[in-house]
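First the structure, in the form of structure tokens, and then the observations on it.
Residue numbers (my numbering), protein chains in the order written: chain P, 46 to 355; chain V, 81 to 513.
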């Protein structure tokens with residue numbers, strides 16, 4: 046890495062804003078922090094005295110907990126606000142709520158929100174750093190980074206790999222961040238799914254679109270299945286979960302055309318038997334739980350880089 | 081006005097009378113009393129004399145599509161502030177869309193709007209009534225009483241008429257009352273989940289897309305109904321290339337269709353939305369370069385008849401928020417003239433065509449007075465300085481709202497004097513003593 050390089054982002058809003066060097070810096074930092082989580086005393090004083098607010102407008106177990114664990118292992122003070130407990134349900138706008146939070150001088154706000162662009166809106170209106178923990182169907186950068194870390198750990202590299210992402214590309218912020226992140230780091234990304242769930246211009250983010258899952262997965266080093274959101278059924282996107290599983294689910298038959306050492310990933314939570322065969326989810330090629338472990342390390346790295354760097 | 085007003089040495093552009101030359105115009109008793117060679121009208125008969133060398137003198141501009149927000153949303157705009165913004169932008173008349181609160185679906189609201197407009201006195205207001213009661217798409221509004229009270233047209237603008245039978249009946253029944261039917265063309269089942277134009281930028285921003293076919297399918301339906309019922313139809317805020325192709329073909333077949341676009345559709349593309357800029361959020365959404373080019377061409381070749389602003393004032397509390405939640409629309413009255421002049425300077429059409437698009441045709445389509453400088457007609461006159469440069473800032477806006485994507489733009493060309501019924505409704509300070 047360029048010795049002059051210095052991570053200089055105040056916010057983490059999307060991987061679209063990150064250079065390959067930025068991504069490299071996060072991954073290296075995360076790799077060095079990963080060991081902390083395996084110590085008997087899993088805590089370092091790096092972010093002592095920092096205040097971090099988890100501001101979650103959507104239900105989330107894994108991401109919220111992951112950020113909280115990461116912050117606490119760095120000795121930061123964390124506070125959680127969820128939609129039902131916040132004044133937004135009383136009619137206060139996101140911006141007003143943000144200004145009130147700012148008045149309490151937090152150092153970082155971690156936002157999960159159902160609408161695209163909300164993390165940027167928040168960043169434009171407050172002094173604290175903002176980490177986007179998923180905004181609408183836009184981006185989920187920390188998930189993209191933990192996926193990059195998991196692949197790099199398993200494969201020793203990212204450049205030159207073939208990544209297949211299967212499922213609801215249109216509504217998946219995870220897919221968007223992964224397509225951007227993996228293609229920036231030199232991997233090729235193939236996507237496939239029902240045509241109703243492939244958004245226009247996804248090629249501009251760096252993906253190639255395959256009509257069939259088999260074609261997308263052919264020779265792939267990484268197969269990532271995306272969660273099908275059952276609650277989207279008011280828009281006639283596909284006929285049934287049964288048919289989805291048959292034509293777009295990741296099964297052993299699909300794995301047979303991938304690289305023999307291919308790994309399986311999923312951002313969770315899994316609809317077992319829909320987008321992913323349960324035997325594969327629990328099998329030896331699955332790195333799904335490793336993704337969760339690396340999530341903590343990546344989030345520690347992000348918190349450190351935006352708040353503790355100097 | 082004692083003695084009247086003499087407008088000297090301006091370039092008079094009056095397409096209806098085939099005039100485009102330097103003339104003097106005399107206004108007396110609220111009417112145009114003479115249009116003659118420079119120097120042939122004695123200034124002594126006029127109380128006020130303006131030397132308009134270098135400026136254009138045109139029939140008062142008419143904006144056939146504005147939202148004045150009163151009654152109901154006076155925090156965004158009132159009839160007084162909206163018509164003052166109209167005067168400042170060079171308009172002497174506006175057609176007020178019915179999506180107020182309550183909806184203008186009855187004579188009481190129409191009469192209220194006219195009373196408020198008369199009280200303010202800044203511009204003529206032509207109320208447009210609703211097609212359906214409450215604009216809820218179910219039952220016809222009382223067209224007869226709306227007409228009697230002063231409405232000139234009907235539309236459910238802001239919403240499409242989803243029910244084809246209701247649209248057919250509206251076209252048929254409007255003929256009894258000599259009302260124009262205006263179509264807000266949008267197939268909601270295709271557009272409902274979107275917030276901007278469908279395409280790669282929407283994907284990158286993670287915003288739902290509104291496909292251009294959502295407009296075109298409904299344009300086609302309404303053209304088919306107009307042809308079937310043999311009734312005229314006016315298509316509002318046309319934004320796509322294919323909509324224009326459909327309208328062009330219908331005109332060739334002899335369907336009585338007229339159509340308007342708004343300045344933003346010939347000035348901006350969807351790229352203005354990048355960065356979640358809610359000031360560029362509107363319905364129909366900003367489209368692509370190809371659509372912008374098609375709109376410009378259609379203004380030139382006559383497929384489009386009018387430029388209307390779709391002036392849609394919104395307070396910050398309706399715009400300064402998550403993109404999906406922000407209101408649609410922008411103010412337009414005070415930027416229409418300079419944005420149209422850009423096309424004149426770029427030779428898309430000539431000044432005469434600009435006057436047709438902004439005055440002659442709106443008057444003809446709505447069936448109202450205006451659009452000419454003939455001797456004897458009410459003196460509705462706009463004076464434009466085509467060279468005047470200015471920066472469009474919040475401070476100069478007369479509208480109560482400031483939601484414009486053109487804030488900070490350096491613009492060229494501006495209405496400097498607006499006269500309605502012989503009375504000055506706007507005079508640009510610094511241009512006249």
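Where is the CB? At the ideal position from N, CA and C, for every residue including glycine.
Computed from a predicted model, the values in this text were never measured in an experiment.
Looking at residue 120 of chain P: is its Cβ nearer than 8 Å to the Cβ of residue 91 of chain P? Walking along the first chain from the start, residue 120 of chain P turns up at place 75. Walking along the first chain from the start, residue 91 of chain P turns up at place 46. Yes.
Taking Cβ to Cβ, would you say residue 233 of chain V is nearer than 8 Å to residue 259 of chain V? Stepping through the second chain from its first residue, residue 233 of chain V is reached at position 153. Stepping through the second chain from its first residue, residue 259 of chain V is reached at position 179. Cβ distance < 8 Å, so residue 233 of chain V and residue 259 of chain V count as in contact.
Leaving out five residues before and five after residue 314 of chain P in sequence, what residues of the same chain have Cβ atoms less than 7 Å from its Cβ? Taking the first chain and counting its residues from 1, one reaches residue 314 of chain P at position 269. Closer than 7 Å at Cβ, skipping near neighbours: 272.
Assign residue 97 of chain V to buried or exposed, taking buried as 16 or more other Cβ atoms, counted over all protein chains shown, within 10 Å of its Cβ. The residue you call residue 97 of chain V lines up with position 17 of the second chain. Flag for residue 97 of chain V reads exposed.
Please state whether DSSP places residue 209 of chain V in a helix, a strand or coil. In the second chain, the residue the question calls residue 209 of chain V occupies position 129. Strand.
So which residues on chain P does residue 356 of chain V lean against when the C-beta distance must stay under 8 Å? As a first step, residue 356 of chain V is located in the second chain; it is residue number 276 there, counting from the start. What residue 356 of chain V touches in chain P: 161, 162, 165 and 166.
Amino acids of chain V, ordered along the chain, whose beta-carbon sits closer than 8 Å to that of residue 109 of chain P: In the first chain, counting from the first residue as 1, residue 109 of chain P sits at position 64. The premise fails here: residue 109 of chain P is roughly 20 Å from chain V at the closest Cβ pair, so nothing lies under 8 Å.
What does DSSP give as the partner residue(s) for residue 252 of chain P in the beta ladder? Taking the first residue of the first chain as 1, we reach residue 252 of chain P at position 207. DSSP, once it has assigned bridges, lists P:234 as partnering residue 252 of chain P.
Looking at chain P, is there any beta carbon in it that lies within less than 8 Å of the beta carbon of residue 226 of chain V? Locating residue 226 of chain V in the second chain gives position 146, counting from the first residue. For residue 226 of chain V, the nearest beta carbon of chain P is not closer than 8 Å to its own beta carbon.
Check residue 81 of chain V in the structure and name its three-state DSSP category. Translated into the one-based positions of the second chain, residue 81 of chain V becomes position 1. The predicted position of residue 81 of chain V is uncertain, since its pLDDT is 43 and thus under 50; no value can be drawn from it.
Residues near residue 209 of chain P in its chain [Cβ-Cβ closer than 6 Å; skip 5 each side]: The count along the first chain starts at 1 and reaches residue 209 of chain P at position 164. So the qualifying residues of the chain are 235, 261, 262, 265 and 268.
Checking contacts by CB at 8 Å: is residue 63 of chain P closer than that to chain V? In the first chain, the residue the question calls residue 63 of chain P occupies position 18. Residue 63 of chain P has a beta carbon lying at 8 Å or more from every beta carbon in chain V.
Measure the C-alpha to C-alpha separation of residue 220 of chain P and residue 166 of chain V and round it to an integer number of angstroms. Here residue 220 of chain P refers to the residue found at position 175 of the first chain. Here residue 166 of chain V refers to the residue found at position 86 of the second chain. Near 48 Å, if we compare the C-alpha coordinates of residue 166 of chain V and residue 220 of chain P.
Please list, in chain order, all residues of the same chain as residue 124 of chain V whose beta carbon is under 7 Å from its beta carbon, the five residues on each side excluded. To locate residue 124 of chain V, count along the second chain from 1; it is residue 44. Same-chain partners within the cutoff: there are none.
Three-way DSSP call (helix, strand, coil) for residue 84 of chain P in this model: If you number the first chain from 1, residue 84 of chain P lands on position 39. Reduced to three states, the DSSP call for residue 84 of chain P is coil.
Are the CB atoms of residue 369 of chain V and residue 349 of chain V nearer to each other than 8 Å? For the purposes of this step, residue 369 of chain V is taken as residue 289 along the second chain, with counting starting at 1. For the purposes of this step, residue 349 of chain V is taken as residue 269 along the second chain, with counting starting at 1. Cβ distance < 8 Å, so residue 369 of chain V and residue 349 of chain V count as in contact.
DSSP three-state call for residue 49 of chain P: helix, strand or coil? For this step, residue 49 of chain P is matched to residue 4 along the first chain. Coil.
Any C-beta of chain V under 8 Å from that of residue 185 of chain P: Working through the first chain from its first residue, we reach residue 185 of chain P at position 140. No, no contact with chain V.
Please report whether the beta-carbon of residue 245 of chain P lies at a distance below 8 Å from any beta-carbon of chain V. Along the first chain, one-based indexing puts residue 245 of chain P at 200. Residue 245 of chain P counts as touching chain V.
Residue 271 of chain V versus residue 139 of chain V - alpha carbon distance: Numbered from 1 along the second chain, position 191 holds the residue referred to as residue 271 of chain V. Numbered from 1 along the second chain, position 59 holds the residue referred to as residue 139 of chain V. For residue 271 of chain V and residue 139 of chain V, the distance between alpha carbons rounds to 38 Å.
So residue 401 of chain V contacts chain C; which residues on that side make the cut at Cβ distance below 8 Å? Absence of chain C from the displayed structure is noted, the protein chains being P and V.
For residue 155 of chain P, collect the residues of the same chain with a Cβ closer than 6 Å to its Cβ; drop the 5 residues on either side in sequence, then sort them by chain order. Looking up residue 155 of chain P in the first chain gives position 110. So the list reads 99, 112, 176 and 178, once near-sequence residues are dropped.
What's the call for residue 179 of chain V, buried or exposed, on a 16-neighbour Cβ count within 10 Å? Sequence index remark: in the second chain, residue 179 of chain V carries index 99 (1-based). When all chains shown are included, residue 179 of chain V counts as buried.
Please confirm whether residue 105 of chain P has its beta-carbon closer than 8 Å to some beta-carbon of chain V. As a working mapping, residue 105 of chain P is identified with position 60 in the first chain. Chain V, which has no Cβ nearer than 8 Å to the Cβ of residue 105 of chain P, makes this no.
Please confirm whether residue 365 of chain V and residue 461 of chain V have their CB atoms less than 8 Å apart. Stepping through the second chain from its first residue, residue 365 of chain V is reached at position 285. Stepping through the second chain from its first residue, residue 461 of chain V is reached at position 381. Not a contact, by the Cβ cut-off of 8 Å.
Taking only beta-carbon positions, decide if residue 367 of chain V is within less than 8 Å of chain P. For this step, residue 367 of chain V is matched to residue 287 along the second chain. By this cut-off, residue 367 of chain V is not an interface position.
Distance check for residue 65 of chain P and residue 337 of chain P, CA to CA, integer angstroms please. For the purposes of this step, residue 337 of chain P is identified with residue 292 of the first chain, where counting begins at 1. For the purposes of this step, residue 65 of chain P is identified with residue 20 of the first chain, where counting begins at 1. Between residue 337 of chain P and residue 65 of chain P, the C-alpha separation is close to 23 Å.
Between the beta-carbon of residue 389 of chain V and the beta-carbon of residue 146 of chain V, is there less than 8 Å? The residue you call residue 389 of chain V lines up with position 309 of the second chain. The residue you call residue 146 of chain V lines up with position 66 of the second chain. Yes, these two residues count as a Cβ contact at 8 Å.
Grab me the residues of residue 81 of chain V's own chain with a C-beta within less than 6 Å of its C-beta, minus the 5 sequence neighbours each way, in chain order. Indexing the second chain from 1 puts residue 81 of chain V at position 1. Per-residue confidence for residue 81 of chain V stands at a pLDDT of 43, beneath the threshold of 50, marking its modelled position as unreliable; no derived number is given.
Residue ranges of each beta strand (DSSP E) run of no fewer than 3 residues wholly in the region 448 to 482 of chain V, ordered along the chain? DSSP runs (the beta strand (DSSP E)) wholly in the region 448 to 482 of chain V: 461 to 471.
Alpha carbon to alpha carbon, how far is residue 62 of chain P from residue 362 of chain V? Give it in angstroms, no decimals. Locating residue 362 of chain V in the second chain gives position 282, where the first residue counts as 1. Locating residue 62 of chain P in the first chain gives position 17, where the first residue counts as 1. Taking the straight line from one Cα to the other gives about 27 Å.
Does residue 285 of chain V have its Cβ less than 8 Å from a Cβ in chain P? In the second chain, counting from the first residue as 1, residue 285 of chain V sits at position 205. True, the Cβ-Cβ gap to chain P drops below 8 Å.
Between which residues of its own chain and residue 250 of chain V is the CB-CB distance below 6 Å, once the five residues before and five after are set aside? In the second chain, the residue the question calls residue 250 of chain V occupies position 170. Closer than 6 Å at the Cβ level, and outside the excluded window around residue 250 of chain V, lie 211 and 261.
Count the other C-beta atoms from every protein chain shown that fall within 10 angstroms of the C-beta of residue 471 of chain V, then say buried if there are 16 or more, exposed otherwise. Translated into the one-based positions of the second chain, residue 471 of chain V becomes position 391. Exposed: under 16 other Cβ atoms inside 10 Å.
Return the residue from the list V:94, V:420 and V:86 that minimises the CA-CA distance to residue 129 of chain V. Taking the second chain and counting its residues from 1, the one referred to as residue 129 of chain V is at position 49. Among V:94, V:420 and V:86, the Cα nearest to that of residue 129 of chain V belongs to V:86.
Are residue 383 of chain V and residue 433 of chain V closer than 8 Å when you measure CB to CB? As a first step, residue 383 of chain V must be located in the second chain, where it is residue number 303. As a first step, residue 433 of chain V must be located in the second chain, where it is residue number 353. No, the Cβ-Cβ distance between residue 383 of chain V and residue 433 of chain V is not below 8 Å.
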